[in-house]
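Counted the way the working numbering counts, the sequence shown spans residues 1 to 404.
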Amino acid sequence: TVARAQAAAGQRVAVFTHDAGGDSSHWRDGDIEIYAVQSTPASANRRFLATFSHKTAASAFAHVLAHFQPDLVHIQHLMGLPTALVDELTARRIPFVVTLHDYWWGCANAQLLTNDSAQICRGPDALYFNCTRCAAARFGAPKPGLTAGLAMPLVSPLMARRAQLLRHLLARAAHLITPTNFVSNWHRGQGMATARLSVLPLGVERPPLIPVRTRDAQTPLRFTYIGSLAWQKGLHVLLAAFTQVPGDASLWIAGDPNTDAAYAQSLQQMADARVHFLGKLDRQQVWHTLAQTDMVVAPSLCYESFSLLVHEAFVAGVPVLASRLGALAEVVHDGIDGMLAAPGDMEAWRTALQSVVDQPEQLAPLRAGIRAPLTVEAHVDKLMEIYAEVLRANATLGQDQEAE
């Protein structure tokens with residue numbers, strides 16, 4: 001989406017990505033050149049090890065740089081790709097910008113959730129013991145704590161090396177971008193180089209037409225969740241709460257049931273007749289569903305970094321009930337454009353849902369309090385300002401180096 005908007009603004013744009021299990025290839029999508037490098041089928045350990053070395057990707061990237069000759073590179077993510085890509089940029093004196101979309105730069109899990117206990121993690125401890133325990137759980141160790149103790153001499157140095165590589169990479173970036181203050185503050189708290197950092201919310205696409213939800217007193221209130229059907233999204237908490245709420249209301253849940261089939265099945269077993277599972281929606285269906293929604297729910301148990309669901313709800317003029325956690329507590333303003341409830345607290349969620357069911361008239365002022373999210377075009381305009389600043393600084397640096 002951003003690449004298309006940049007191309008539409010007259011910029012030469014290329015995208016470099018990796019295709020798990022596919023062949024290396026090069027094609028055009030309109031005015032955008034796409035370069036895809038072949039990689040092995042994705043697995044947790046292969047993605048982790050790719051940070052240290054992926055010769056095929058590094059070689060392909062060097063070829064792309066020589067062919068396309070970019071003035072600037074914007075790294076959206078490096079999961080599954082090696083830090084050697086940045087070495088290629090440094091060798092050619094090509095400045096680069098990094099968007100920190102999540103917590104992967106400090107947490108190999110990217111979500112700051114432990115693999116053994118599914119608890120929120122603050123980040124690596126001094127000796128990376130908690131990271132080692134997470135790795136042991138990821139590989140199926142029956143007693144991750146004990147296994148981590150035994151694996152410390154091998155895994156801890158590997159985790160430390162990963163952190164060193166990524167910190168060094170970010171320190172070389174001309175500019176860093178985060179989608180929210182929460183993500184920015186977390187990286188600062190980890191001691192990462194954030195002197196040249198901007199908080200820039202992602203741009204949200206607008207549908208051609210956004211119908212407005214109209215309802216009368218006889219129409220059941222509709223709550224809607226759209227997204228992953230995964231434990232960390234807190235849907236079991238939502239369902240436990242909703243099924244205890246009497247009144248004329250329904251709950252729509254949209255998401256791919258195959259992402260975690262066992263969890264999706266457990267949700268269906270928890271549901272009563274007022275709960276409707278919509279399956280996976282395409283973009284048009286997402287907007288159609290939001291247009292029929294009174295309130296969107298985001299009961300996440302993990303640190304969301306932006307929440308596209310919340311921002312799309314706001315585009316559609318729908319208030320949001322969300323967990324008071326991570327970026328959700330930043331983008332949803334309690335009592336203004338939505339409501340916040342304690343994450344994982346079934347009773348708190350039941351109380352909040354019941355309040356809306358009993359007093360649906362409170363939704364109107366919440367709708368009125370919604371501020372329109374940034375458009376994709378406005379996001380790209382801000383990006384272009386950052387790029388221009390980076391290129392000016394890089395040109396000045398080049399002149400100084402030549403003078404020496």
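Ideal Cβ positions, reconstructed from N, Cα and C, are used throughout, including at glycine.
Model, not experiment: these values are computed from the prediction.
Buried versus exposed, by CB contacts within 10 Å (16 or more), residue i
i           : result
residue 92  : exposed
residue 294 : buried
residue 369 : exposed
residue 71  : exposed
residue 365 : exposed
residue 130 : buried
residue 109 : buried
residue 284 : exposed
residue 5   : buried
residue 227 : buried
residue 161 : exposed
residue 153 : exposed
Per DSSP, the bridge partner or partners of residue i
i           : result
residue 340 : 322
residue 279 : 254
residue 197 : 176
residue 489 : Residue 489 is absent from the model: the chain starts at 1 and stops at 404.
residue 192 : Answer is none; residue 192 lacks a bridge partner.
residue 61  : Answer is none; residue 61 lacks a bridge partner.
residue 73  : 96
Residue j beta carbon less than 8 Å from that of residue i
i           : j           : result
residue 209 : residue 196 : no
residue 172 : residue 375 : no
residue 327 : residue 355 : no
residue 204 : residue 181 : no
residue 349 : residue 299 : yes
residue 296 : residue 318 : yes
residue 257 : residue 235 : no
residue 79  : residue 46  : no
residue 251 : residue 275 : yes
residue 380 : residue 9   : yes
Nearest candidate by alpha-carbon position, reference residue i, set the options
i           : options            : result
residue 69  : 44, 46, 104, 13    : 13
residue 38  : 393, 84, 52, 58    : 58
residue 167 : 100, 340, 323, 270 : 100
residue 132 : 119, 116, 123, 156 : 156
Bounding residues of the alpha helix (DSSP H) (the contiguous stretch that carries residue i)
i           : result
residue 235 : 235-242
residue 251 : Careful: residue 251 lies outside any alpha helix (DSSP H), inside the beta strand (DSSP E) at 249-254.
residue 345 : Taken as a continuous stretch (DSSP letters only), residue 345 belongs to no alpha helix (DSSP H), as it is neither H nor E.
residue 223 : Here residue 223 belongs to no alpha helix (DSSP H); instead the beta strand (DSSP E) covers 221-226.
residue 28  : It is not in any alpha helix (DSSP H) - residue 28 instead sits in the beta strand (DSSP E) that spans 25-29.
residue 265 : 261-270
Terminal residues of the beta strand (DSSP E) in which residue i lies
i           : result
residue 52  : Here residue 52 belongs to no beta strand (DSSP E), and DSSP marks it neither H nor E.
residue 99  : 96-99
residue 304 : No beta strand (DSSP E) contains residue 304, which DSSP labels as neither H nor E.
Contact test: residue i Cβ vs the ligand FAD heavy atom, cutoff 7 Å
i           : result
residue 321 : With respect to small molecules bound, the structure shown includes none, and the ligand FAD cannot be examined in it.
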